[in-house]
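Q: Starting off with a structure, shown below.
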Amino acid sequence: MTSADTLFERIIAGEIPSDVVHEDETTFAFRDINPQARVHVLVVPRKRYRNVAELTEADPQLLADVLRSCRRVAEIEGIAESGYRVVFNTNAESGQTVFHVHAHVLGGEQLGLFGRFG
Ligand code: AMP
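And the structure:
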């Protein structure tokens with residue numbers, strides 16, 4: 035490991051165990067360790083960008099791959115029709131804590147509203 039390795043790079047490399055839901059050539063999807071809904075899966079591009087803004091600018095095809103994997107995760111989890119939410123927290127005030135872009139796929143029950151804290 036080098037200091038450049040983020041938590042998610044170590045998960046993708048298998049150095050930290052994860053509950054894998056789906057993987058393909060460019061993306062990796064695994065269950066969030068602190069789920070905020072019955073289904074809560076993180077979809078991460080194997081190549082690291084800091085956030086979705088950087089990913090969009092640098093590699094729109096890879097962003098499309100991430101969104102396609104989100105849809106695949108929803109199908110695997112049986113929530114593609116019932117409904118699901120895709121969230122990209124972006125920078126500090128959004129609550130982003132891991133600076134390797136990731137989509138949260140949330141569903142499996144009626145979701146609440148979201149926005150301001152408290
Ligand atoms: P964010 O706050 O948008 O950066 O999301 C980071 C997410 O990573 C949080 O929802 C955490 O619960 C999740 N997380 C942190 N460590 C792990 C881990 N080892 N395995 C799975 N999910 C994790």
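Under the numbering used here, the first residue of the sequence shown carries the number 35, and numbering increases by one thereafter. Glycine included, every Cβ here is placed at the ideal spot set by N, Cα and C. Quick caveat: nothing in here was measured; it's all calculated off a predicted structure.
Go through its chain and collect everything with a Cβ distance to residue 52's Cβ below 6 Å, but skip five positions before and after it.
A: Closer than 6 Å at Cβ, skipping near neighbours: 45, 64.
Q: Rounded C-beta distance between residue 144 and residue 85? I'm assuming under 8 Å.
A: That pair is no contact at about 29 Å.
Q: For ligand 1, I want to know if residue 54 counts as a neighbour, meaning its beta carbon is within less than 7 Å of at least one of the ligand's heavy atoms.
A: Not so, every heavy atom of ligand 1 lies at least 7 Å from the Cβ.
Q: What runs of the alpha helix (DSSP H), each 4 residues or longer, lie entirely inside the stretch 39-89?
A: 41-46
Q: Is the closest heavy atom of ligand 1 to the C-beta of residue 129 under 7 Å?
A: For ligand 1, at least one heavy atom lies less than 7 Å from the Cβ of residue 129.
Q: Could you check which residue in 128, 147, 139 has the C-alpha nearest to that of residue 118?
A: 139
Q: Nearest CA to the CA of residue 54: which residue from 75, 41, 81?
A: Nearest of 75, 41, 81 to residue 54, Cα basis: 75.
Q: For residue 90, which residues of its own chain have a beta-carbon under 8 Å away from its beta-carbon, when the five flanking residues on both sides are left out?
A: Here the set comprises 97.
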